[in-house]
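Structure first, then comments.
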Amino acid sequence: MKKLGVLTSGGDCPGVNAVIRGAVLGGEVAHGYEFLGFRDGWRGVLEQDAVPLPRRSVRGISRLGGTILGTSRTNPLKNGGIDAVRESLQRNGLDGLIAIGGEGTLAAAKELCDQGVNVIGVPKTIDNDLGATDYTFGFDSAVQTATEAIDRLRTTGESHHRCMIAEVMGRGAGWIALHSGMATGAHAILIPEHPVSLDQVSAWVTSARDRGRAPLVVVAEAFALLGEESPYAPRGLDTFGRPRLGGIGRLLEQQLQQVTGIETRATVLGHIQRGGEPTAYDRVLATRLGMAQWRRRRTATGGAWCLCVERTLSP
Ligand code: F6P
Numbered sequence: 000m001k002k003l004g005v006l007t008s009g010g011d012c013p014g015v016n017a018v019i020r021g022a023v024l025g026g027e028v029a030h031g032y033e034f035l036g037f038r039d040g041w042r043g044v045l046e047q048d049a050v051p052l053p054r055r056s057v058r059g060i061s062r063l064g065g066t067i068l069g070t071s072r073t074n075p076l077k078n079g080g081i082d083a084v085r086e087s088l089q090r091n092g093l094d095g096l097i098a099i100g101g102e103g104t105l106a107a108a109k110e111l112c113d114q115g116v117n118v119i120g121v122p123k124t125i126d127n128d129l130g131a132t133d134y135t136f137g138f139d140s141a142v143q144t145a146t147e148a149i150d151r152l153r154t155t156g157e158s159h160h161r162c163m164i165a166e167v168m169g170r171g172a173g174w175i176a177l178h179s180g181m182a183t184g185a186h187a188i189l190i191p192e193h194p195v196s197l198d199q200v201s202a203w204v205t206s207a208r209d210r211g212r213a214p215l216v217v218v219a220e221a222f223a224l225l226g227e228e229s230p231y232a233p234r235g236l237d238t239f240g241r242p243r244l245g246g247i248g249r250l251l252e253q254q255l256q257q258v259t260g261i262e263t264r265a266t267v268l269g270h271i272q273r274g275g276e277p278t279a280y281d282r283v284l285a286t287r288l289g290m291a292q293w294r295r296r297r298t299a300t301g302g303a304w305c306l307c308v309e310r311t312l313s314p
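Here the sequence shown stands for residues 0 to 314, numbered as in numbering that gives the first Met the number 0.
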């Protein structure tokens with residue numbers, strides 16, 4: 000019997016369960032594969048904590064948020080390393096792994112591939128910051144959630160004639176801020192790719208107020224004012240050595256209120272953006288990615304399977 004392990008690692012995101020379902024359906028039904036689900040990402044692989052994933056276990060899960068397998072930010076290259084991963088595959092009789100993850104997870108998967116371990120990587124993140132993909136699943140859902148929340152901030156801001164700031168996630172990329180900011184008609188959209196000065200932001204805010212509007216600012220968590228350092232509120236590093244971001248919203252709240260004299264409130268949308276059910280778009284994209292493993296595997300030649308990054312097309 001051919002057998003594959005599946006794991007979800009790094010930040011969860013809407014659509015992960017649809018990938019698991021797509022992979023299991025495509026693998027079991029069309030190709031006779033058996034699946035094992037590792038709990039909590041690479042931790043489960045290293046500690047051999049796994050559950051069988053028969054077809055019946057993935058029934059109806061594509062609409063569910065989060066991940067049925069659990070996740071963690073365990074870095075396999077740090078915690079026991081490549082030999083432990085190899086041993087886990089061998090002990091469980093696995094031909095390879097399907098690793099569903101973002102930047103950190105896929106960097107580790109790539110390293111494992113380079114060392115001869117069979118891994119297929121599935122790009123996953125709300126941040127939409129992975130190369131060779133046009134869109135990552137989870138992004139559309141996060142933008143939808145952020146847009147709904149920011150719409151609410153706008154109505155309370157208008158009632159009180161306040162400047163409202165929404166800090167959104169995205170790690171080093173401004174995609175969530177850009178899309179949710181455009182969708183909500185924000186007066187300033189601040190993204191890390193395009194630093195601007197406090198004077199410029201203040202001018203946009205003041206101009207909106209002078210036109211009778213309640214200024215709305217959407218800021219990405221990694222945004223830094225021109226000439227300043229990012230991130231503003233370092234909260235240490237994660238296990239992949241990347242800074243934990245957050246804090247720019249509060250900082251702007253103080254600074255903008257001081258410079259413009261407009262009463263200002265900041266809201267950090269945080270993990271709300273990662274939770275909940277995937278949008279229809281993300282369910283379809285994630286299912287396609289799960290199913291795509293089988294097309295890619297057939298084209299893989301010799302040695303370890305290549306890291307698979309599905310180039311996604313417009314809907
Ligand atoms: O990569 C997804 C993401 O949600 C980023 O947007 C954010 O910076 C980070 O993860 C938060 O990580 P954690 O859930 O570990 O706090």
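We put the CB at the ideal spot given by N, CA and C, even for glycine. Remember, predicted model here, so these are calculated numbers, not experimental data.
Distance between beta carbons of residue j and residue i, contact taken as under 8 Å
{"i": "L255", "j": "S201", "result": "6 Å"}
{"i": "I146", "j": "T183", "result": "Just to set this straight, residue 146 is Thr in the shown sequence, not Ile. With a Cβ gap of about 6 Å, T146 and T183 count as contacting."}
{"i": "M168", "j": "D126", "result": "7 Å"}
{"i": "R249", "j": "A265", "result": "5 Å"}
{"i": "F136", "j": "A285", "result": "4 Å"}
Residue i and residue j closer than 8 Å at C-beta
{"i": "R20", "j": "S87", "result": "no"}
{"i": "L68", "j": "R38", "result": "yes"}
{"i": "V118", "j": "G95", "result": "yes"}
{"i": "G101", "j": "K77", "result": "no"}
{"i": "E166", "j": "A213", "result": "no"}
{"i": "G36", "j": "V5", "result": "yes"}
{"i": "L129", "j": "K2", "result": "no"}
{"i": "S196", "j": "L225", "result": "yes"}
{"i": "A176", "j": "I190", "result": "yes"}
{"i": "A172", "j": "V217", "result": "no"}
Under the three-state DSSP convention, the category residue i falls into
{"i": "M290", "result": "helix"}
{"i": "C162", "result": "strand"}
{"i": "A108", "result": "helix"}
{"i": "F239", "result": "coil"}
{"i": "I318", "result": "Beyond the ends of the chain as shown, which are 0 and 314, falls residue 318; an answer cannot be given."}
{"i": "I99", "result": "strand"}
{"i": "A223", "result": "coil"}
{"i": "G10", "result": "coil"}
{"i": "V5", "result": "strand"}
{"i": "Y134", "result": "coil"}
{"i": "L189", "result": "strand"}
{"i": "G248", "result": "helix"}
{"i": "A265", "result": "strand"}
{"i": "E228", "result": "coil"}
{"i": "E276", "result": "coil"}
{"i": "G120", "result": "strand"}
{"i": "G36", "result": "strand"}
{"i": "L306", "result": "Confidence at L306 is low in this model, with a pLDDT of 42, below 50, so the placement of that residue should be treated as unreliable; the coordinate-derived value is given next. Three-state DSSP puts L306 in coil, outside helix and strand."}
{"i": "L63", "result": "coil"}
{"i": "A285", "result": "helix"}
Check: residue i C-beta below 7 Å from any heavy atom of ligand 1
{"i": "T238", "result": "no"}
{"i": "I190", "result": "no"}
{"i": "E220", "result": "yes"}
{"i": "I125", "result": "yes"}
{"i": "H186", "result": "no"}
{"i": "G69", "result": "no"}
{"i": "H178", "result": "no"}
{"i": "R249", "result": "no"}
{"i": "G10", "result": "yes"}
{"i": "G211", "result": "no"}
{"i": "G322", "result": "Residue 322 lies beyond the range of the chain shown here (0 to 314); nothing can be said about it."}
{"i": "G169", "result": "yes"}
{"i": "R72", "result": "yes"}
{"i": "H160", "result": "no"}
{"i": "H30", "result": "no"}
Closer than 7 Å: residue i CB and nearest ligand 3 heavy atom
{"i": "L244", "result": "Of the ligands this structure carries, namely ligand 1, none is ligand 3."}
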